[in-house]
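Peer 1: Those protein sequences? They're chains A and B, same order as listed.
This note's numbering numbers the first residue of the first sequence as 1 and each following residue consecutively.
This note's numbering numbers the first residue of the second sequence as 1001 and each following residue consecutively.
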Amino acid sequence: MKKLLKMIFPLSLLFLVACGETNTPQAQNIQKTNPAIKRSNKDALIIGTAEAAGNFLPVYYATAYDAPAVALVFEGLLTTDKNGKFIPWLAEDMPEISEDGKSYTFKIKKGILFHTGKELNADDVVFSYTLLADPSYDGRFTSTVNNMVGYDEYSTGKETIFRGVEKLDDYTVRFNFKENQAPNIAKLSAAIMPSDYYSYERGNLTPVKTKMQDLSGTGPYKFSKFVPRQYFELVANENYWGKKPEVKKVIVKFVTDATDVQELIKGDIDILPDVIEPEKLELAEGAGIVDKVQYLRHGYGYLKFNTQDPIMKDVKVRQALSYGLDRNAFLEIFFKGLAITVDAPISKAFWTYDPSLDSKMTVYDYNPQKAKDLLEEAGWKLGNDGFRYKDGKKLSVNWSSIKDLRLVDILTPILIQNWKDLGVEVIIQPMDFNSLMEKVYVERKGFSMFNMATSESTFPDPSTQWHSKYDIPGGNNTCQFRDVENDEILDKMITELNTEKYKELWQEWAVNMNKKAPMIPLYTNTYTSLFNTRIKNFKPDTLWPWYAAIIDAKLEVEE
Amino acid sequence: MIKFIFKRLLYMIPVLFIISLVLFGMVKSMPGDPLNAYVGQGVEITAEKREQLREMLGLNDSLPVQYVKWAKRMAVGDFGESLTYKKPVKEVIRPFIWNSFILNVGGFLLAFFISIPIGIITAVKKYSLFDNFWTVSSLVGVCMPSFFFALMIISLFAVKLSLFPMNGMITPGKDAHGLAYALDVLKHMVLPVTVVTLGSLAALVRYVRNAMLEVIKQDYIRTARSKGLNEKIVIYKHAFRNALIPVVTLIGFYIPALFGGSTILETIFVWPGIGKELYSAVMSRDYNMVMALNMFFALLTLLGNLMADIGYALVDPRVKAE
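1. Note the first and the last residue of the continuous alpha helix (DSSP H) segment covering P68(A).
2. Return the CA-CA distance between T256(A) and I1268(B), expressed in angstroms with no decimal places.
3. Pull up the distance between the alpha-carbon of V990(B) and that of D1316(B), whole angstroms please.
4. Looking only at C-alpha atoms, which of S103(A), K82(A), R174(A) and Y151(A) sits nearest to D124(A)?
5. Output the boundary residues of the alpha helix (DSSP H) element that contains E485(A).
6. By the 10 Å Cβ neighbour count, where 16 or more other Cβ atoms means buried, how is F1133(B) classified, buried or exposed?
7. State yes or no: is the beta carbon of K1086(B) nearer than 8 Å to at least one beta carbon in chain A?
8. So for Q308(A), helix, strand or coil by DSSP?
9. How would you list, in chain order, the residues of chain A whose beta-carbon sits under 9 Å from the beta-carbon of A1190(B)?
10. Does the beta carbon of I1268(B) sit closer than 8 Å to a beta carbon anywhere in chain A?
11. So is I1097(B) in contact with chain A if we call contact Cβ pairs under 8 Å?
12. What's the C-alpha gap between E425(A) and M449(A)?
13. Looking at chain A, which residues of the region 1167 to 1183 of chain B have a Cβ within less than 9 Å of any of its Cβ atoms?
14. Quick check: is the beta carbon of T24(A) nearer than 8 Å to any beta carbon in chain B?
15. Does the Cβ-Cβ distance between D260(A) and G111(A) come in under 8 Å?
16. If you draw a straight line from the alpha carbon of P368(A) to that of E332(A), how long is it in whole angstroms?
17. Could you please give the first and the last residue of the uninterrupted beta strand (DSSP E) stretch that includes G48(A)?
18. Looking at the unbroken beta strand (DSSP E) that takes in S529(A), where does it start and where does it end?
19. So which residues on chain B does T259(A) lean against when the C-beta distance must stay under 7 Å?
20. Where does R388(A) fall in DSSP's three states?
21. Less than 8 Å separating the beta-carbons of P1192(B) and W1098(B)?
22. Return the residue from the list G84(A), G139(A), K211(A) and A182(A) that minimises the CA-CA distance to S199(A).
23. Give, in chain order, every unbroken run of the beta strand (DSSP E) that is at least 3 residues long and sits entirely within the region 90 to 116 of chain A.
24. Please decide whether P228(A) counts as near chain B, where near means a Cβ-Cβ distance under 8 Å.
25. In three-state terms, what does DSSP make of N398(A)?
26. What residue does the beta strand (DSSP E) around D260(A) start on, and which one ends it?
27. State the start and end residues of the unbroken beta strand (DSSP E) segment that holds L296(A).
28. For M1001(B) and chain A, any beta-carbon pair shorter than 8 Å?
29. Does the region 400 to 417 of chain A come close enough to the region 371 to 380 of chain A to have 3 or more Cβ pairs within less than 8 Å?
30. Identify the residues that DSSP records as bridge partners of T412(A): which are they?
31. I251(A) by DSSP, collapsed to three states: which one?
32. Pick helix, strand or coil for Q429(A), following the three-state DSSP scheme.
33. Please identify, using Cβ separations under 9 Å, the residues of the region 425 to 448 of chain A that lie next to chain B, in order along the chain.
34. Whose C-beta lies closer than 7 Å to the C-beta of V511(A) among residues of the same chain, with five residues either side of it excluded?
35. Measuring alpha carbon to alpha carbon, tell me which of G117(A), S155(A), L325(A) and F127(A) ends up nearest D134(A).
36. Threshold first: 4 residues or longer. Then list the alpha helix (DSSP H) segments lying entirely within the region 295 to 359 of chain A, N to C.
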């Protein structure tokens, strides 16, 4: 079924391109008026995205397509700017941090109103964080509060008051963390919800869950309508405390891969964010009414090695496999140039990144000779059958890959051939995504390599993904990477509150990761936001998603 | 007749029980953990919270215990809470089922109304140009995948001619009510209904044609003709009624299909139907949702069979309900 669904997309392009071909050269002349301006709802800005499930509460949303509603309606004490740096938002200023680095005290801005009309105060902050620690909380965001004092006691019902967040006076709150950790700051940007509107009894969150689409925050937009599997609608908050958005009405319409670009060209939608398929860009190119902005993804796709596997344990084998894979050949076919390679598990959008870092890192460009040399050094000798052996054991990679994914379909033949040339056998075990997650996160054995992609969070903290203490069932260190040097750097980083020093440590860590090669970073692809030319001043970026960028956008409704 | 229906309904209880057992076993043996699917990749969650969530979701019980708990709830009409939506399953699926239903009812009714006369004519005028045309085009229709056809009509009627909206069920942002709302939905229905119609039309035409051919060969038709009856009366009164028998059976089998949705069609037309819901529930291991939907379809299939049998008895006097 999934295969079929995936097939629809390329096929549809074939169709739509073929149909569009006759009029593309003259398109600019034919489309004298912008079709979006003739639309009955031309005053609304319509964004086309994949389907949102409709869980729009900040404590419960589960998909990336529910996130825009959450972000436009709700706000936190802190927020991140275009460079990913934390800045005060509902708070007067950055928090005052205690000597031991464990307590953060905030002054809250006065006079900010929720959409219900209630004024924001310390009770709402305490409420919003306590909700996440509730014994009956069954959402995904416990990591926001589980490092706070008293979480364990409160969430198991042993205590009736959550000590992690305290009200000092009506406009002052204090957060108490168990340990002094640099990423703690990232927990302070969680959305603040009005305590009266979402009230519930401790241990029973049912009343909150019934308000999945009844939203009241402090944000620039008010939530006005949700039609399941069709669209949701937001209207500008006239009483917004900050810079009021220009666009008064925003509609997020759910579109399908098969026809989304056509809808943009027809003016049915105004913005199609985060497009990755080069074919779609080509299609939009000739329309004459479509502009674009491009930026890199905040994350990467990868092949991760199981570094506890007897063969993959050897860093030389991992380096050899990195050198021995022609990543650029794959990028050229799959992304048609709309991607770059990185040589460590990093996003270059983080404030910790600096171009000077590149010169300190090994570039694993395709070099089969070097790869063979490394394998020889590691003791893997070529046998008569063309494969390498060591102590009678064949050099073989057991790859758990994802079923029915076009990326895998294109990567597989390149990878098999490249590594066969080195004398490496590849055994592929395709499975669906959920089974793969189970395998690499929970079972953690029966594979020597797997592929997935990741998007980085707001704070550049690599610990949970790479520290050996997270190599546990359910832990995020899926490479099962246990490297003393790496652990040392991460231990230093986690308590470093000085941003300049943190940046240095982060770079040191990246260089070490680059050398140890626990994974092959395959690609960081370019995202393109396509939008109707009637939209002005719309500037999304890697760390500035469309729903942040539309606040500054203007809409032309007449020619 | 009433006794017959009652007996058949009683038989359905053990059948449903067995189906539920098999389904439950199959759903639970899907690889992968629903918690993983829900929590997602890269989200930090402590082992304790994971354990607590498993406990809340009842995933720590043994399979028989889980089944008994589920069956008990099911028996009183409680389908549980959807993992994805955090809402009772019943509330989630109700609107989606009706959306699929209106699409399918429209499509199937049209298909029946069109295919019956065509089937009759092609049978009566066997090997004529008309017959050959329909033979070829229904073969093409049976072979052509619906998504291919859907894309074709989208590119023609929505992209090129701009006659109908490309997808969706209502115009976003247009707060229509009453008649205006109905018209808006109707406008959005035209293309998907056309695909549903044409998808079943091809097979139905062949079906009616064969049934009709079978009947026309019968001795009593020859007798009717030799009595000097008007050809129209022979065909429509004598032959057609008998040809209807297999067609009526077919209607029974279409009942479950009326409520079921097509994942592919709903994806292409962004139609808020049930087909896509079942697919995403399976992918996210939303057990309560998968079970509820599958049990619903199983029940509909059983009811459809029963209705086919009843219909059979009504149109064919030879079949006695006993």
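For glycine and all other residues, C-beta sits at the position ideal for the given N, C-alpha and C.
Quick caveat, the model's predicted, so the values are computed rather than measured.
Peer 2: To lay it out plainly:
1. Position 68 of the first sequence, counted from the start, is the residue given in the question as residue 68(A). Taken as a continuous stretch (DSSP letters only), the alpha helix (DSSP H) holding P68(A) covers A67 to V73.
2. In the first sequence, the residue the question calls residue 256(A) occupies position 256. In the second sequence, the residue the question calls residue 1268(B) occupies position 268. For T256(A) and I1268(B), the distance between alpha carbons rounds to 6 Å.
3. Here chain B has residues from 1001 to 1322 only, and residue 990(B) is not among them.
4. Numbered from its first residue, the first sequence carries residue 124(A) at position 124. Nearest C-alpha to D124(A): R174(A).
5. For the purposes of this step, residue 485(A) is taken as the residue at position 485 of the first sequence. Where E485(A) is concerned, the enclosing alpha helix (DSSP H) stretches over V484 to I494.
6. Within the second sequence, numbered from 1, the residue matching residue 1133(B) stands at position 133. Classification for F1133(B): exposed.
7. In the second sequence, residue 1086(B) corresponds to position 86, counting from 1. Chain A, which has a Cβ nearer than 8 Å to the Cβ of K1086(B), makes this yes.
8. Within the first sequence, residue 308(A) is the residue found at index 308, counting from 1. Looking at Q308(A) - three-state DSSP - the assignment turns out to be coil, as it is neither helix nor strand.
9. Within the second sequence, numbered from 1, the residue matching residue 1190(B) stands at position 190. First, the amino acid is wrong: residue 1190(B) is Val here, not Ala. In chain order: nothing, as chain A lies at least about 16 Å away.
10. Numbered from 1 along the second sequence, position 268 holds the residue referred to as residue 1268(B). Yes - at least one Cβ of chain A is within 8 Å of the one on I1268(B).
11. Along the second sequence, read from residue 1 onward, the residue named residue 1097(B) stands at position 97. Cβ-Cβ to chain A under 8 Å: no for I1097(B).
12. Within the first sequence, the letter at position 425 stands for residue 425(A). Within the first sequence, the letter at position 449 stands for residue 449(A). Spanning the two alpha carbons is a distance of roughly 13 Å.
13. N1167, G1168, M1169, I1170, T1171, P1172, G1173, K1174 and D1175
14. Taking the first sequence and counting its residues from 1, the one referred to as residue 24(A) is at position 24. Low per-residue confidence applies at T24(A): pLDDT is 43, beneath 50, and the placement is therefore not dependable enough to give any value.
15. Locating residue 260(A) in the first sequence gives position 260, counting from the first residue. Locating residue 111(A) in the first sequence gives position 111, counting from the first residue. No, they are not a contact pair.
16. Numbered from 1 along the first sequence, position 368 holds the residue referred to as residue 368(A). Numbered from 1 along the first sequence, position 332 holds the residue referred to as residue 332(A). Their backbone Cα atoms lie some 19 Å apart in a straight line.
17. Your numbering for residue 48(A) matches position 48 in the first sequence. Per DSSP, G48(A) belongs to the beta strand (DSSP E) from A44 to T49.
18. Position 529 of the first sequence, counted from the first residue, corresponds to residue 529(A). Counting along the chain, the beta strand (DSSP E) containing S529(A) begins and ends at M519 to N532.
19. Working through the first sequence from its first residue, we reach residue 259(A) at position 259. Per Cβ cutoff of 7 Å: I1154, M1166 and N1167.
20. Along the first sequence, read from residue 1 onward, the residue named residue 388(A) stands at position 388. Three-state DSSP puts R388(A) in a strand.
21. Here the question's residue 1192(B) lines up with position 192 in the second sequence. Here the question's residue 1098(B) lines up with position 98 in the second sequence. In this structure, W1098(B) does not lie closer than 8 Å to P1192(B) by Cβ.
22. The residue you call residue 199(A) lines up with position 199 of the first sequence. Ranking G84(A), G139(A), K211(A) and A182(A) by Cα distance to S199(A) puts K211(A) first.
23. 103 to 107
24. Locating residue 228(A) in the first sequence gives position 228, where the first residue counts as 1. Judged by the 8 Å Cβ criterion, P228(A) is in contact with chain B.
25. For this step, residue 398(A) is matched to residue 398 along the first sequence. Strand.
26. Counting from 1 along the first sequence, the entry for residue 260(A) is found at position 260. Taken as a continuous stretch (DSSP letters only), D260(A) belongs to no beta strand (DSSP E), being part of the alpha helix (DSSP H) at D260 to I265.
27. Within the first sequence, residue 296(A) is the residue found at index 296, counting from 1. Here the beta strand (DSSP E) through L296(A) covers V290 to L296.
28. One-based indexing of the second sequence puts residue 1001(B) at position 1. So, not an interface residue.
29. no
30. Here residue 412(A) refers to the residue found at position 412 when the first sequence is read from its first residue. According to DSSP, which records beta bridges pairwise, T412(A) is partnered with nothing at all.
31. In the first sequence, the residue the question calls residue 251(A) occupies position 251. In the structure shown, I251(A) sits in a strand (DSSP, three-state: E or B).
32. Start at 1 with the first residue of the first sequence, and residue 429(A) comes out as number 429. Residue state, collapsed to three classes: strand.
33. M431, D432, F433, N434, S435, L436, M437, E438, K439, Y441 and V442
34. As a working note, residue 511(A) is residue 511 in the first sequence. Result list for V511(A): K360 and M361, in chain order.
35. On the first sequence, position 134 is the one that residue 134(A) refers to. Taking only the C-alpha atoms, the option nearest D134(A) is S155(A).
36. 315 to 323 and 327 to 335
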